[in-house]
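One structure below.
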Amino acid sequence: MGRWNGLSAALPSECAWAAIPVRSAAPVRSTSPTLSGQRCGITPCKKASNRRLSSAQRSPELRAAFQNLYLYGNVFGQSPRKRLEWTRGLEVTVRDLSKSPEPVEVLWLVGCYPSYHPRNQVVARNMARILTALGIRWGILGKEERALGDCDRLFGEEGLFEMLVENNRRLFERFQFEKIVLLDPHAFRALEKFYPRFGAVFPAEHYTTFLASRLQQLRPWLVKPIKARVTYHDNCCVGRRCRCFDAPRALLAAIPGLELVEMERNREHALCCGGGGGGMWLDAFITQHGGRRLSDVRIQHALKTGAEILAVSCPFELSRFEDAVKVAGAEDRLKVRDILELLAESMGLNEGGGP
């Protein structure tokens, strides 16, 4: 009981927001000694304490993200009309179902970061090339796509989350598809686990498991060797929460020349990157209150392996870890790349190429 009494005392304070709710075995750095070293299984307590956690205690960046979701359907506050900017110059056919509805095998929910963030747009273009090369009939929702809203549920904005669920349910029901595929692990888990609670049931898969299940189709395309030592970071939602550890590694192992090495903390024991559950908008808040970014810690784990590439499978991780590499002054030692980028390079489909 002592542990929970301590958490009860700490929850009303600002330090509670430094605990990213991923249920990791990672210690939490905070200004409160009560929370220091606690497991991140704090989500249930936070839900019960939402009334005590006023919006004034949240970071301005997090409040802005929520407002953007409400007004624009994306965390960047960008116009929905710009969701297709990542397709500019793309040499493969992009079926925009919002303009021309047609049955497809895969409804690809591109996500906010791959749609708007320049670094992640590269990953989105590679995904489009890979799907096309495999002969998969795929389509996107274009300007009608909206965020799924998982970070809102975790941070107590359940009204906003329920609004997004209902809007997305109505949107998805308008189209014919066999499966939804997502790049964002948080969105995938929201759609798989939490949407059904509101009657929104749709078959969904993260891109790593989707492509790994088609590895026999993929192998003949993987012809260009990538001679590099690579370590993979298990993201929390697909990894620890959904117990999917083998699919990403199978994709990496299929690339000729690639040497896969493991960090000391891997699979179910992997350290969180700190970006999930709204953490993407809490970095400044955490450091201002004496904390340390988990992404900075994780980069040190990767550097210890001697790896030249840190492979990821989450849009958040790409930008977070690249920033952490710069903070560590290790740009000449470690590159951060999404698995899709490595696959596309080995397939000869990366930027400037095409099927």
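Residue 323 in my numbering sits at position 342 of the sequence shown, with consecutive numbering throughout.
No residue lacks a Cβ here, since even glycine has one placed at the ideal position from N, Cα and C.
Take residue i and list the residues in its own chain whose beta-carbon comes closer than 7 Å to its own, dropping the five residues that flank it on each side.
i    : result
A128 : L50, G54, N55, V56, C93, L145
R318 : I290, A292
N148 : R127
With which residues is residue i paired in a DSSP beta bridge?
i    : result
V56  : None; V56 has no bridge partner.
G120 : L88
D131 : D131 is not bridged to any residue.
R210 : E240
A185 : I161
D319 : V293
Output the distance between the C-alpha atoms of residue i and residue j, rounded to the nearest integer angstrom.
i    : j    : result
G180 : E186 : 18 Å
F153 : L141 : 18 Å
R200 : P41  : 46 Å
R150 : V104 : 26 Å
R210 : T286 : 9 Å
G123 : G329 : 27 Å
R279 : C253 : 8 Å
L172 : G130 : 9 Å
D313 : I161 : 38 Å
L275 : P296 : 16 Å
K80  : D215 : 37 Å
N247 : G137 : 30 Å
F191 : L78  : 21 Å
R100 : L90  : 18 Å
G116 : R230 : 23 Å
P242 : R110 : Per the sequence shown, the amino acid found at residue 242 is Val instead of Pro. For V242 and R110, the distance between alpha carbons rounds to 27 Å.
E143 : E322 : 34 Å
T212 : Q48  : 36 Å
R118 : S294 : 22 Å
A228 : T189 : 6 Å
S84  : L163 : Here residue 84 is Pro; the residue named in the question, Ser, does not match the sequence. Distance between the alpha carbons of P84 and L163 is about 18 Å.
In the DSSP assignment, find the unbroken alpha helix (DSSP H) run with residue i in it and report its ends.
i    : result
R246 : Where R246 is concerned, there is no enclosing alpha helix (DSSP H), given that its DSSP letter is neither H nor E.
T190 : 188 to 193
I161 : Not the alpha helix (DSSP H): I161 falls in the beta strand (DSSP E), residues 158 to 163.
V146 : 139 to 153
A109 : 99 to 114
P341 : Not covered by the structure: residue 341. The range shown for the chain is -18 to 336.
L196 : 196 to 199
P166 : 166 to 170
Ignore the nearest five residues each way along the sequence and tell me which others in residue i's own chain have a CB closer than 6 Å to its CB.
i    : result
T349 : Residue 349 lies beyond the stretch modelled for the chain, which goes from -18 to 336, so this question has no answer here.
K208 : G238
Q59  : Y97
M108 : L321
E303 : V317
Just to confirm my understanding: we take residue i, look at its own chain, exclude 5 residues before and 5 after, and list those with CB closer than 8 Å. What are they?
i    : result
E66  : S96, Y97, Q102
R155 : P82
D277 : A305, V308, A309
V182 : Y176
A114 : W202, M328, L330, P336
A235 : L196, L199, R200, L203
K205 : P237, E326, S327, M328, G329
L284 : A309, A311, R314, L315
P14  : A caution first: P14 carries a pLDDT of 30, below 50, which makes its placement in the model too unreliable to give a value.
Q281 : A309
Report the start-end ranges of each alpha helix (DSSP H) in the region 267 to 316 that is 4 residues or longer and not cut off at the edges.
275 to 285, 296 to 308
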